[in-house]
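The listed protein sequences correspond, in order, to chains A and B. Residue numbers for the first sequence follow the numbering used here, so the first one is 98 and each next one is one higher. Residue numbers for the second sequence follow the numbering used here, so the first one is 6 and each next one is one higher. Don't be surprised by glycine CBs; every beta carbon is placed ideally from N, CA and C. Owing to the predicted nature of the structure, the values given are computational and were not obtained by experimental measurement. Everything below concerns the one structure shown next.
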Amino acid sequence: MTVRFKITRHLLEAIRHDLVRPHAFAHERVGFISAGLSSADDDLWILARAYRPVADDDYLRDPSVGAMMGPDAIRKALQWALSDGVAIFHVHTHGGRGRPGFSGIDVREQSKFVPSFFQITRKCPHGALVLSNNSAYGNIWLDGRKPGEPIGCFIEVGMPLHAWSGV
Amino acid sequence: MTRFDRQSFLGADSETTLHAATLGLVGLGGGGSHVVQQTGHLGVGGYVVVDPDHITDTNTNRLIGGRLADLETETTPAMAKVAIAERLIQGLQEKPRIITIRDSWHNATNELKRCDIIVGAVDSFIEREQLERFARRHLIPYIDIGMDVHELGNKKFLIAGQVILSMPGKPCLRCYGLITDERLTQEAERYGAAGSHPQVVWSNGVLASTAVGLVTQILTPWFDAPEFVYLDYDGNRGTLLPNDRMKFLRGTVCPHHPAEETGDPLFDVREFNKLLSNLELVTTEAPTTPVSKKWWARMFTRIINQWWRS
């Protein structure tokens with residue numbers, strides 16, 4: 098099985114631009130990407146549609162982490178998944194260049210909130226991404242009961258087409 | 006020095022990038038066959054070539070790679086256009102990855118999803134619209150080429166055509182005015198009554214060459230090219246010029262293919278997981294392919310094998 102994440106260059110640039118905006122107290126910003134899905138045999142395509150940043154008021158003060166989402170942030174993302182029937186991917190950036198990776202805190206928090214999306218939309222997979230300034234890494238959950246697994250390939254659709262391995 | 010040395014200005018990694026790319030080619034007639042030949046020369050490594058037809062006598066004025074010996078005889082059937090394309094690529098590439106589908110592209114969607122770019126050289130507006138919609142749904146850049154010969158009267162004719170790059174999110178064939186409801190209606194009314202369209206090899210060549218240039222731009226750009234392109238071909242004047250709409254539509258987001266339409270609306274991950282489980286079951290049941298040995302078991306086997314060989 099190969100999982101490919103495709104996103105237009107325009108959308109990816111907009112997300113990167115948004116995630117580096119300063120926040121009143123959080124050290125970093127986070128957001129959510131909605132995506133359509135398609136498959137062929139055992140290959141899966143995640144096709145990014147839109148991005149919504151977590152609202153300024155939906156961050157919690159927690160100096161131990163870069164950014165901590167409050168319950169409203171999760172509720173709004175769940176609502177998005179429910180109303181549009183889409184896959185939802187949490188996203189944040191570590192900046193820099195080259196393939197980024199999740200921190201231990203990222204992994205811990207994702208394992209808490211990503212499975213909750215399966216309570217809302219069971220027909221879609223969900224996941225999380227971390228960006229750098231020229232790459233990305235991510236995990237996808239195909240089932241709310243099993244751990245996430247790495248997204249195999251990323252494709253930035255634009256001029257030029259830019260693809261890189263996620264594993 | 007490699008055989009691609011003369012195109013090294015495309016970038017240090019261009020050879021690898023082009024070889025790794027997979028191109029979908031729908032329609033392998035006068036236009037598509039030129040694209041096959043040129044991308045073969047260029048070094049594109051992967052192909053999904055789709056066309057339901059075989060070569061006929063009236064194709065031989067323009068079908069690149071087609072030979073008179075490929076025509077139907079009393080003892081042999083006519084060669085399929087996909088087989089001609091495959092032969093052409095294999096003559097130009099050492100290890101090409103070719104999937105040939107002698108069918109309508111509607112029955113090749115699984116293979117086309119895997120393509121980085123789709124080039125459409127199809128005959129009708131409805132096919133153009135549907136193919137572009139499929140490409141947009143899967144965030145695949147779509148390049149459309151087409152030409153026609155129009156009668157001007159007094160035995161005078163105009164050769165005209167277009168090359169369009171339809172990039173996801175950017176203006177589409179409808180935005181450009183190539184696809185209109187009126188044209189689709191007219192075409193539907195003519196369905197089944199249309200005779201053969203006049204086609205000539207040199208015009209197809211101009212349009213296909215330009216399309217191959219766009220393919221190259223997308224994969225290994227050599228300058229900052231625009232992300233959407235509409236070029237008008239005037240075969241009488243010998244010009245290929247940007248359509249005015251390119252200027253007017255700059256900065257606009259396509260309203261005809263909204264982002265909400267990407268993906269398969271019927272996709273259900275539970276069905277996908279069932280498919281994966283079934284595949285896993287087949288793999289684990291096969292006695293000759295032990296794919297999931299533990300690392301220490303693999304290491305132990307390797308050590309024993311090395312000891313045995315020594």
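Under 7 Å from the C-beta of residue i: neighbouring residues of chain B
i	result
A:Met98	Leu281
A:Ala147	Ala264
A:Trp142	Lys118, His143
Neighbouring residues, chain A, relative to residue i (Cβ below 8 Å)
i	result
B:Ile387	No information on residue 387 of chain B is available, as it lies outside the stretch 6 to 315 that chain B covers here.
Amino acids of chain A, ordered along the chain, whose beta-carbon sits closer than 9 Å to that of residue i
i	result
B:His111	Here the premise fails: no neighbours, minimum Cβ distance about 14 Å.
B:Glu232	Arg106, His107, Gly255, Met256
B:Pro146	Val254, Gly255, Met256, Leu258
Residue i and residue j closer than 8 Å at C-beta
i	j	result
B:Cys120	B:Val40	no
A:Lys220	B:Arg275	yes
A:His188	A:Phe251	For the sequence presented, residue 188 of chain A should be read as Val rather than His. No, the Cβ-Cβ distance between A:Val188 and A:Phe251 is not below 8 Å.
B:Asn64	B:Gly34	yes
A:Ser135	B:Gly268	yes
B:Leu224	B:Ala26	yes
B:Gly166	B:Tyr235	no
B:Leu323	B:Val220	Lying outside 6 to 315, the shown extent of chain B, residue 323 of chain B is not represented and no answer is given.
A:Ala137	B:Lys118	yes
A:Val100	A:Ile237	yes
A:Ala145	A:Ile104	yes
B:Gln98	B:Ala213	no
A:Gly192	A:Ser229	yes
B:Arg107	B:Asp56	yes
A:Gly245	A:Phe215	no
B:Glu265	B:Met172	no
B:Ile104	B:Ile94	no
A:Asp115	A:Pro150	yes
B:Pro203	B:Val154	yes
B:Lys86	B:Asp58	yes
Supposed close pair residue i, residue j - CB separation, criterion 8 Å
i	j	result
A:Glu125	A:Ala170	At roughly 14 Å, the Cβ-Cβ gap does not stay under 8 Å, so A:Glu125 and A:Ala170 are not in contact.
B:Ala90	B:Ile148	That pair is no contact at about 17 Å.
B:Met84	B:Ile60	5 Å
A:Ile185	A:His223	5 Å
B:Leu30	B:Val124	5 Å
A:Met166	A:Asp139	Between A:Asp139 and A:Met166 the Cβ distance is about 33 Å, and since that is not below 8 Å, they are no contact.
A:Arg194	A:Tyr234	With 8 Å as the limit, A:Arg194 and A:Tyr234 do not qualify as a contact, their Cβ atoms being about 13 Å apart.
B:Val205	B:Ile164	7 Å
B:Ile184	B:Glu134	5 Å
A:Ser213	A:Trp177	Not confirmed; about 13 Å, so no contact.
A:Arg118	A:Thr190	That pair is no contact at about 11 Å.
A:Leu141	A:Glu253	That belief does not hold up - the Cβ atoms of A:Leu141 and A:Glu253 are roughly 18 Å apart, past 8 Å.
B:Ala230	A:Met256	6 Å
B:Glu192	B:Ser129	6 Å
B:Val4	B:Leu23	Any question about residue 4 of chain B goes unanswered here, given that chain B covers just 6 to 315.
B:Glu132	B:Cys177	B:Glu132 to B:Cys177, Cβ: 15 Å. No contact.
B:Met152	B:Ser208	5 Å
B:Asn112	B:Tyr181	Between B:Tyr181 and B:Asn112 the Cβ distance is about 28 Å, and since that is not below 8 Å, they are no contact.
A:Asp203	A:Val183	In fact, because the Cβ distance is near 22 Å, the residues do not count as touching under 8 Å.
A:Ile143	A:Leu179	In fact, because the Cβ distance is near 19 Å, the residues do not count as touching under 8 Å.
A:Asp155	A:Ala121	About 12 Å separates the two Cβ atoms, so there is no contact after all.
B:Phe9	B:Trp227	Actually they do not touch by this definition, with Cβ atoms about 14 Å apart.
B:Asn278	A:Leu175	Incorrect: roughly 21 Å between the Cβ atoms, too far for contact.
Contact list for residue i against chain A, beta-carbon separation under 7 Å
i	result
B:Asp273	Lys220
B:Leu136	Ordered by position in chain A, no residue passes the 7 Å Cβ test against B:Leu136, which lies about 16 Å from the chain.
B:Pro173	Thr105, Val254
B:Asp121	Leu258
B:Pro226	Met256, Pro257
Residues that residue i contacts on chain B, provided the C-beta gap is smaller than 8 Å
i	result
A:Ser135	Lys118, Arg142, His143, Gly268, Asp269, Phe272
Proximal residues of chain B, C-beta to C-beta of residue i below 9 Å
i	result
A:Asp138	Asn115, Leu280, Leu284
A:Asp240	Val274, Arg275, Asn278
Contact with chain D by residue i, beta-carbon distance below 8 Å
i	result
A:Cys221	Absence of chain D from the displayed structure is noted, the protein chains being A and B.
Mind checking the segment 241-268 of chain B against chain A and listing, in chain order, the residues whose C-beta falls within less than 7 Å of any C-beta there? Ala264, Glu265, Thr267, Gly268
At 4 residues or longer, what runs of the alpha helix (DSSP H) sit wholly inside the segment 149-204 of chain B? 186-195
Entirely enclosed beta strand (DSSP E) segments - the segment 108-148 of chain B, minimum 3 residues: 122-125
At 3 residues or longer, what runs of the beta strand (DSSP E) sit wholly inside the segment 185-237 of chain A? 223-228
Where are the alpha helix (DSSP H) runs, 4 residues long or more, that stay fully inside the segment 27-52 of chain B, in chain order? Complete alpha helix (DSSP H) runs here, min 4: 35-47.
List, from N- to C-terminal side, the beta strand (DSSP E) runs of 3 residues or more that fit wholly inside the segment 49-105 of chain B. 51-55
Within the segment 211-268 of chain B, note down every full alpha helix (DSSP H) run reaching 4 residues or more, in order along the chain. Runs of the alpha helix (DSSP H) inside the segment 211-268 of chain B: 249-253.
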